[in-house]
Amino acid sequence: MIIIFFLCIGKCMEASLNSLLYEKTLMGDVQTFWKGFVLLCKIKVSLSPLCSQGLFGVPELSGPAGFQMAQHQALREAEFLVHKACTHPPGAVTVETFDQLSDSLCRVADLADFIKVAHPDAAFREAAERTCVEIGTLVEILNTNVDLCQSLKNLLGNEAVLATLDSDTRRVAELFMFDFEISGIHLDESKRSKAVALNVKLLDLYHEFLSGSQLPNAIDKQVLPEHIRHCFSIDGNRVQIGGLHADSPNELVREAAYKIFLYPNTSLLLCLDELLAGRHELATLVGYESFAHRALKGTMAKTPGKINRATSRDFKMMKEMKKKTHTTNPEVMPWDHAYLSSAIRTEMFNIDPSIYSPYFSLGACMEGLNRLFMQLVGVYFQAEQPKMGELWSEDVRKLAVVHETEGLLGYIYCDFFRRPDKPHQDCHFTIRGGRLREDGVYQLPVVVLMLSLPPPSGRTPSLLTPSMVENLFHEMGHAMHSMLGRTLYQHVTGTRCSTDFAEVPSILMEYFASDYRVLSQFARHYQTGEPLPENLVSRLCESKRVCSAADTQLQIFYAALDQVYHGKPQYRSTTDILREVQEKFYGLPYVHDTAWQLRFSHLVGYGAKYYSYLMSRAVASMVWRQCFLQDPFSRVMGEHYHREMLAHGGGKEPVLMVQGMLQKTPTIEDFVDALVLDLNANVKSPVL
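Residues -15 to -1, 1 to 673, numbered by mature numbering (1 follows the signal peptide of the UniProt record, and there is no 0), are exactly what the sequence shown covers, in order.
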């Protein structure tokens, strides 16, 4: 009875506070909204113990052992769905069954993929990692299941049945068949088994490489000059260096960090060799010339000389800056790139993040995003009360994404603040994809946005630097792609699209984050309410173009290295290849006894597709200039963007989505010109 009494009180408090929060949101009182939301979460957690659920509302995941339960349930569902697909006559139900199978496995694997890196409890992380391996192994086995593939062939080979399918269903069927083909379904049984074994082995190598790429390097502290030791983490007689310290004003600190952090690790070098060899063996086994041929047929790495000329200008500016600030080595070295670029921007435009941060409280930025999405596509955020056990950290916030006429679209979990053992990276994770279920109800997508923002302190809210604001908008672009991609099938939901296209919506949001007309809607000093001065935004936008050609050239180097590593084997060390590609594509010299490739974790995730970042940036630039530059709040263009690009997820060819958006077919020259336009320091930001 006592418990029921307190639960009733809690419900009343929740109702009252919900009403207050709604009013405050409408009134634009962002600080009260977020403070009240935190209080609401605490009330819910403290007064609703009987409503306890597992992570993301999955009952089994109230403890680490739940992953085993969720995994077993997914395996049972998979067994049933495989049997259904293999025995049912060919038709639309075949594709629906395949998608159900994909959804059943992805709902466990995707959730585990996030928890293994983000949960503060090591037991949860380890359980999630084991689940990732188990589900990943099953997927590779299913991708070489002859009977399962034959059911799809029976569909795709029946013209009469194909004629009854809508275009989305047919494309998804073709995508599933492509998965079979690249996994070696056409091989004999012994070779198929070998392909599965190779894929499973590669999963282990991916984990080993990613883990090793994040580990610090240690050195005896006596090796370092005494006056810079305090800049690093000291463990007894050893100095731990876990990053490049690229923004340090002390050149010796940057140089030491670069040489020590990138010092070759023999076991990790062997791991990378084995990983690349395994990928090549797998690609040739299933009939491709190389892993790069398996992954793609084009690259943005080979760009014309327009960017190279701009890069030479940038490196000349860096050299002049180094002469002013350093006397030991006048040459620009790889450890100087980031610091000197920043120094030049500061000198030319007096850009100091501390000037901007008071105008960018997290609450204000979220309200700005809320208003922008409402103006463009009629979508707004609504605070959602998490149940006890639903979150992995008490500072996570849950948002419902609501359309003004269609209603609830999905959920975004905002894991925004720094904490111990949390990866220092900004990421978007799909936890559950959207799809039309068998009962006619749409399965709502669920995603996580993980950032590394400073937490509030006392009465001071979380204040963001301009780069943090840009990252927030970027990741929210991914999230809204997931929310607005209302596809029939989860296999192509939201960001489950071609790598060439996946970054377009997120990069496009960076342009909105740099436009004064957008920023002026929400950027207010958190103490005085004073609006952000327009001249500060103009200076910030102009400063971003300084040394941007050198930054782009660095991305071209990364893309080229990714391509070469995944091309035909060269039977020489990955470090020798790095040195050669760096000399060809980047303007700064290779540093002896360093192995930067061992910190290039994108080799696992992108695998011959790193060029896609440049392609996506070019497309986003074209979309911004043609569709939103004149009016960043245009509802007509916002709906056009939603209809032509976001709504399809991966259910439509990327080139067709770009054509629909731009009303033309861009050429490779158009892509390069779009990148060059962004490097032009003479381009001015629009003003009111």
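For each residue, glycine too, the CB sits at the ideal point set by N, CA and C. Predicted model only: the values in this text are computed from it and were never measured.
Query, Result
"Where do the N-terminal and C-terminal ends of the alpha helix (DSSP H) with F194 fall, by residue?", "E174 to Q199"
"Classify L137 as buried or exposed, calling it buried when 16 or more other Cβ atoms lie within 10 Å of its own Cβ.", "buried"
"Can you tell me which of the three DSSP states V78 falls into?", "helix"
"Alpha carbon to alpha carbon, how far is G418 from L393? Give it in angstroms, no decimals.", "15 Å"
"Considering only C-alpha positions, which residue in the set V381, T390 and I416 is nearest to R403?", "V381"
"Sort L190, I340 and R444 by Cα distance to G590 and report the nearest one.", "L190"
"Given a threshold of 16 other Cβ atoms within 10 Å of its Cβ, counted over all protein chains shown, does L660 qualify as buried or as exposed?", "buried"
"Any idea if V15 is buried or exposed, counting beta-carbon neighbours within 10 angstroms, 16 or more meaning buried?", "Only weak support exists for where V15 lies, its pLDDT of 43 falling under 50; the value from the coordinates is given anyway. Burial call: buried."
"Tell me the start and end of each unbroken beta strand (DSSP E) in the region 322 to 405 that is at least 3 residues and wholly inside, in chain order.", "364 to 369, 382 to 388 and 392 to 402"
"Assign E240 to one of two classes, buried (16 or more other C-beta atoms within 10 Å of its C-beta) or exposed (fewer than that).", "buried"
"If we ignore side chains and look at the alpha-carbon of each, how far apart do N130 and D164 end up?", "11 Å"
"What is the DSSP secondary structure of D655, reduced to helix, strand or coil?", "helix"
"Quick one: Cα of N456 to Cα of D411, how far?", "7 Å"
"What does the alpha-carbon distance come out to for the pair R135 and A145?", "In the sequence as displayed, the identity of residue 135 is Gln instead of Arg. Looking at the two C-alpha atoms, the distance is approximately 17 Å."
"How big is the Cα-Cα spacing for Y398 and L493?", "22 Å"
"Does the beta-carbon of V621 have 16 or more other beta-carbons within 10 angstroms, so that it is buried, or is it exposed?", "exposed"
"Nearest to T331 by alpha carbon, out of P651, L521, Q56 and D406?", "L521"
"When burial is assigned at 16 or more other CB atoms within 10 Å of the CB, is A262 buried or exposed?", "exposed"
"For R557, which of helix, strand or coil comes out of DSSP?", "coil"
"Quick check on DSSP: helix, strand or coil for F168?", "Here residue 168 is Ser; the residue named in the question, Phe, does not match the sequence. In the structure shown, S168 sits in coil (DSSP, three-state: anything other than H, G, I, E or B)."
"List in chain order: all unbroken beta strand (DSSP E) runs of 3+ residues lying wholly within the region 221 to 285.", "223 to 226"
"Rounded to whole angstroms, what's the CA-CA distance from G76 to L583? Just pull it up for me.", "47 Å"
"Grab the span of the beta strand (DSSP E) containing H413 for me, first residue to last.", "C412 to R417"
"Let me confirm a value: G592 is counted as buried when at least 16 other C-beta atoms fall within 10 Å, else exposed. Which label applies?", "buried"
"Can you say whether T484 is buried or exposed, counting buried as having 16 or more other CB atoms within 10 angstroms of its CB?", "buried"
"Give every residue of the same chain whose Cβ lies closer than 6 Å to the Cβ of T650, excluding the five residues on either side of it in the sequence, and list them in chain order.", "Q644"
"Would you kindly report the start and end of the unbroken alpha helix (DSSP H) that includes residue 683?", "Outside the displayed span of the chain (-15 to 673) sits residue 683, for which this structure offers no information."
"Taking the alpha carbon of T560 as the point to measure from, which residue in Y248, R177 and L614 has its own alpha carbon closest?", "Y248"
"For L150, which residues from the same chain have a beta carbon less than 7 Å from its beta carbon, with the 5 sequence-adjacent residues on both sides left out?", "A77"
"Pull up the distance between the alpha-carbon of Q199 and that of T390, whole angstroms please.", "45 Å"
"Quick one: using the 10 Å Cβ neighbour count with 16 as the cut-off for buried, is V208 buried or exposed?", "exposed"
"The beta strand (DSSP E) that contains V432, what's its start and end?", "V431 to L438"
"Distance check for S339 and T450, CA to CA, integer angstroms please.", "7 Å"
"Rank Y598, L504, H463 and P574 by C-alpha distance to the C-alpha of E632 and give the top, closest one.", "It should be noted that the sequence gives Ala, not Glu, for residue 632. The shortest C-alpha separation from A632 is found at H463."
"Cβ of A603 within 7 Å of Cβ of F656?", "yes"
"In its own chain, which residues sit with a C-beta less than 8 Å from the C-beta of F300, not counting the 5 before and 5 after it?", "V317, A535, G572 and L573"
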